[in-house]
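Chains W and G supply the protein sequences, listed in that same order. With the first letter of the first sequence counted as 1, position 69 gets the number 69 in the numbering used here; the numbers rise by one all the way through. For the numbering used here, add 100 to where a residue sits in the second sequence, where the first one is 1. The beta carbon of each residue, even a glycine, is placed where N, CA and C say it ideally should be. Working notes, beginning with the structure itself.
Protein chains: 2
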Amino acid sequence: QCWLKIIESDAQGCTDENGVLHEFNSKWTTKDCQSCSCSKERMQCCSLVSSPVDYDKEKCESIFYEETCSYKVVEKADPSKLCEVHSYVG
Amino acid sequence: QCWLKIIESDAQGCTDENGVLHEFNSKWTTKDCQSCSCSKERMQCCSLVSSPVDYDKEKCESIFYEETCSYKVVEKADPSKLCEVHSYVG
């Protein structure tokens, strides 16, 4: 999922959701796993997270790792074992 | 928004939501404005639609054009006049 904000012509850079001003032509990653870029026309952020959708929900569970912005799907009974995932969203 | 389906090793191509089989390394656009691609490992579809979010909802309305998979935001009183849109999602 991406979102895009139009930058006013008199702006000095792109102000993000936390009020931080980013320079034109800069890129950054947010704490909530979004990859953002700033240009004179727009600020654009896209989620880095791809969520597992199609897997055995009886036997398995998905665990989110903030450091890598990714999910792992493991067996409930034995989390050292990965489960098969057939589709992702995001 | 994108979604991705893992392709089984014995598959002959990618079967889409309407049961149509697509060749490996092919690309297509669906009627509901998704751009899809098929490879031996995965079928991936991403929405082509970017929805206007931040605009004057009193004065303006957004109209979706299927042919171009895009929205136009126009004045309710005079649909020939475009409205300013400050951000989009999708």
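- Identification of chain G residues near Gln1/W by a Cβ-Cβ cut-off of 8 Å yields Gln101, Val189 and Gly190, ordered along the chain.
- When DSSP reads this structure, Ser37/W sits in a beta bridge with Lys27/W and Gln44/W.
- At least 8 Å separates the CB of Leu82/W from every CB of chain G.
- Around the CB of Leu121/G, fewer than 16 other CB atoms lie within 10 Å, so the residue is classed as exposed.
- Between Lys105/G and chain W, the shortest Cβ-Cβ separation is below 8 Å.
- Closer than 8 Å to the CB of Val120/G there is not a single CB belonging to chain W.
- Straight-line measurement puts the Cα of Val49/W at about 22 Å from the Cα of Lys76/W.
- Ser126/G and Ser35/W have their C-alpha atoms some 28 Å from each other.
- Excluding sequence positions up to five before and after Val189/G, its CB lies within less than 8 Å of the CB of Ser150, Ser151 and Val153, all in the same chain and listed in chain order.
- For Val73/W, the uninterrupted beta strand (DSSP E) segment begins and ends at Ser70 to Glu75.
- With a cutoff of 8 Å on beta-carbon distance, Glu23/W and Cys38/W are scored as near each other.
- Neighbours of Val85/W in chain G, taken as residues at a C-beta separation under 8 Å, are given in chain order as Ile106.
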